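Count the sequence shown with the working numbering and you get residues 613 to 1081, in order.
Ideal Cβ positions, reconstructed from N, Cα and C, are used throughout, including at glycine.
These numbers come from a predicted model, not from an experiment.
Notes to accompany the following structure.
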Amino acid sequence: MQLLRVIGFFHGNMLLLSSTVGGGILFVSPKGVLKYSSLNIPVSLSIWAGCGLLNMMNALCLAELATTFPVSAASYYFLKRSFGSSIAFLCLWIQLFNHFLGIGAQSLLIASNLVQLFYSGCPVPELPKKCLALAVLWSFGILNGRGIKTVAQVQTISSLMKMAVLCLISVTGIVLLVIGEKENMSRFENALDAELPDASQIADAILQVNFSYVGASLLVNIAGEIKSPTDTITKSFICGLSIVTLLYILTNISYLAVLTPLEIISSDSVAVTWMDRVFPSVQWVISLGISASMVTSTSSGILSASRIFYCASQNGQLPVIYSMLNDHHSPVVAVTLIIILSSIAIIASDLIYLVKYVALGASCVNLLKMIGLLKLRYQKPDLPRPYKVWLPLIFGSIASSVFLIFMPVIQSPNIEHVFQVVFLFCGFLCYWLQAHLHRHAVWFDIITCYCQLLFNASPSEDQDKLIPS
């Protein structure tokens, strides 16, 4: 038994759009980018455009990786093959925290916006918010247990809803600017006279934009389930990210046409504030639509994380039960573990603030992927590569990763950077512990047998047989 290749170009694009567009552009990133751009509108829009190109460049580099090794969690598999088990486990450690804290945060954000509709003008109580977040989380956990084909169909509907919301915001903003109302045009007057941000602020602004592209790596993690991965992955990245970048820029222009930079920075939800200003009579309907379109970001996170656990299990760094598949060809035990961990993050919501300590590690892992691509080009020049990225793009991605890692540390060092380094070293400690337990914990076999019976799961075929040596 193995994962099925059922995702084509259309569903690949829909999955990419659904996982990429979410709370970043609708709630968080616009105000963060403006804040770190010193309220400079031209700089802010330039950063959005530049980050779109940077993420496209990074995605094309990852496309070479995923088409050379078309397996689930191709990035993890590639790091293990290039740098060994310890670096691969560090990648697993970072992505574990990134995913279960991120999924918990997304679920709470969705629940907060839905519950807020019934508590207009009042603080949202914690209990109903957490209960609804858990309901959303477990619903999409069950959906992921039904297999990727079912997930792709639901994600397609969500993608169309998200595109409709962003198109509504973008087109309305363009119409307001074309009409030329003084109130809307005034935001852009004397924009070039604003203060320029320093290098550290630009790095922070780029990190804010990157939050809106964080789901773009989904296609790399599900490469083992994509039909004709050579064509599908590369074309989906180019097509999907081009659409996303264009919509992000137009959406930010529309925000600025309606709201002042100070209003954007002070807003908890930029999209909802914009809707309240432009369509006040139907604001609650549109807010409901925004929240409904966001729920599948949780599903994308579960899908991506479960494939990483699946690959790590096949490579001996997690118990074998996590690589077993149910009758829907889904790693249901891995999905269940992610749901349980994310539920803990929701219940103890203070844990979600720990996600900021994972940022340095995530940037380091991306840097290692790019260095690994260069290393593989040098060590195995004859390895079959269905898609080969232009070499300067790899160097450009390395340069951007180095800038994002070191510039904030050099310009404004603080205690958080120490915590981030400690987090990385904890990953190596856990690597030593898992290697020690793996040799001595015979009781894993007993647990595996019970889990197989409970989840009706069977061993999967080794992915190593599916790729070139």
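Backbone CA spacing between residue i and residue j [nearest angstrom]
i	j	result
Lys-774	Ser-866	16 Å
Leu-729	Phe-681	46 Å
Ser-1019	Phe-621	As written in the sequence, residue 1019 is Met, which differs from the Ser given in the question. Rounded to the nearest angstrom, the two C-alpha atoms are 38 Å apart.
Val-618	Asn-710	27 Å
Val-945	Tyr-934	5 Å
Trp-886	Ala-815	27 Å
Cys-1042	Ser-925	15 Å
Ile-850	Thr-908	22 Å
Ser-631	Phe-891	27 Å
His-941	Ser-687	21 Å
Leu-666	Gly-827	15 Å
Ile-1059	Leu-1066	10 Å
Trp-660	Gln-929	38 Å
Pro-943	Asn-833	13 Å
Ala-740	Leu-979	The sequence given here places Pro at residue 740; Ala does not occur at that position. If you take the alpha carbons of Pro-740 and Leu-979, they lie about 41 Å apart.
Ile-1017	Cys-673	19 Å
Ala-685	Gly-836	8 Å
Met-936	Ser-1072	6 Å
Gly-716	Gly-913	10 Å
Leu-721	Leu-995	45 Å
Val-1001	Thr-679	11 Å
Arg-919	His-1029	30 Å
Leu-778	Leu-830	21 Å
Pro-654	Glu-807	11 Å
Leu-780	Ile-754	32 Å
Val-977	Cys-1038	15 Å
Arg-889	Ser-782	15 Å
Arg-693	Asn-938	28 Å
Ser-893	Arg-758	39 Å
Tyr-731	Ala-883	18 Å
Cys-1063	Tyr-922	15 Å
Val-1021	Leu-915	33 Å
Pro-737	Asn-756	29 Å
Among the options, the one whose alpha carbon lies nearest that of residue i
i	options	result
Ala-723	Lys-742, Ser-770 and Phe-709	Lys-742
Pro-931	Tyr-688, Leu-677, Cys-1061 and Pro-642	Cys-1061
Ile-706	Phe-1035, Ser-658, Ile-1022 and Met-887	Phe-1035
Tyr-648	Ile-818, Ser-698, Pro-993 and Ala-946	Ile-818
Met-626	Leu-702, Asn-670, Leu-749 and Ile-760	Ile-760
Phe-823	Met-982, Arg-989, Val-655 and Ser-975	Ser-975
Ser-840	Ile-1010, Ile-659, Met-669 and Val-683	Val-683
Ala-776	Val-1001, Val-633, Pro-654 and Gly-928	Val-633
Asn-725	Ile-715, Leu-708 and Ala-745	Ala-745
Ala-671	Gln-1023, Ile-1027, Ser-903 and Ser-1009	Ser-1009
Met-668	Pro-996, Thr-846, Val-882 and Ser-878	Thr-846
Phe-690	Ile-983, Gln-820 and Pro-740	Ile-983
Val-748	Val-727, Gln-765, Pro-735 and Tyr-825	Val-727
Leu-1005	Val-1021, Pro-996 and Leu-986	Leu-986
Thr-842	Phe-752, Gly-664 and Gly-624	Gly-624
Leu-651	Ala-883, Ile-876 and Asp-1057	Ile-876
Thr-872	Ile-791, Lys-643 and Tyr-922	Lys-643
Tyr-825	Leu-615, Val-766, Pro-1025 and Leu-858	Leu-858
Leu-628	Leu-988, Ser-719 and Ser-854	Ser-854
Gly-714	Ser-955, Val-1014 and Pro-1025	Ser-955
Gln-718	Pro-998, Ala-957 and Ile-699	Ala-957
Gln-1046	Val-645, Phe-701 and Gln-767	Phe-701
Phe-1040	Glu-738, Leu-616 and Cys-703	Cys-703
Met-906	Phe-1007, Tyr-990, Leu-1003 and Ile-769	Ile-769
Ile-902	Leu-772, Ser-848 and Phe-1015	Leu-772
Strand pairing of residue i, partner residues [DSSP]
i	result
Leu-937	Ser-1070
Ile-983	BP columns for Ile-983 are empty, so no partner.
Ile-619	Ile-838
Neighbour-count burial assignment, residue i, 16 or more Cβ in a 10 Å radius
i	result
Leu-657	buried
Ser-613	The sequence given here places Met at residue 613; Ser does not occur at that position. Exposed: under 16 other Cβ atoms inside 10 Å.
Val-856	buried
Ser-1012	buried
Leu-874	exposed
Ala-960	exposed
Trp-911	The question names Trp, yet the displayed sequence has Ser at residue 911. Ser-911 is buried by the Cβ-count criterion.
Ala-1069	buried
Ala-811	exposed
Cys-663	buried
Phe-752	buried
Glu-676	buried
Val-870	buried
Asn-927	buried
Ile-1027	exposed
Phe-1031	exposed
Any non-hydrogen atom of the ligand PLP within 7 Å of residue i CB
i	result
Ser-829	As far as ligands go, the structure on display features none, and thus does not contain the ligand PLP.
- Query: Is the segment 848-868 in contact with the segment 941-957, if contact means three or more CB pairs nearer than 8 Å?
  - Reply: no
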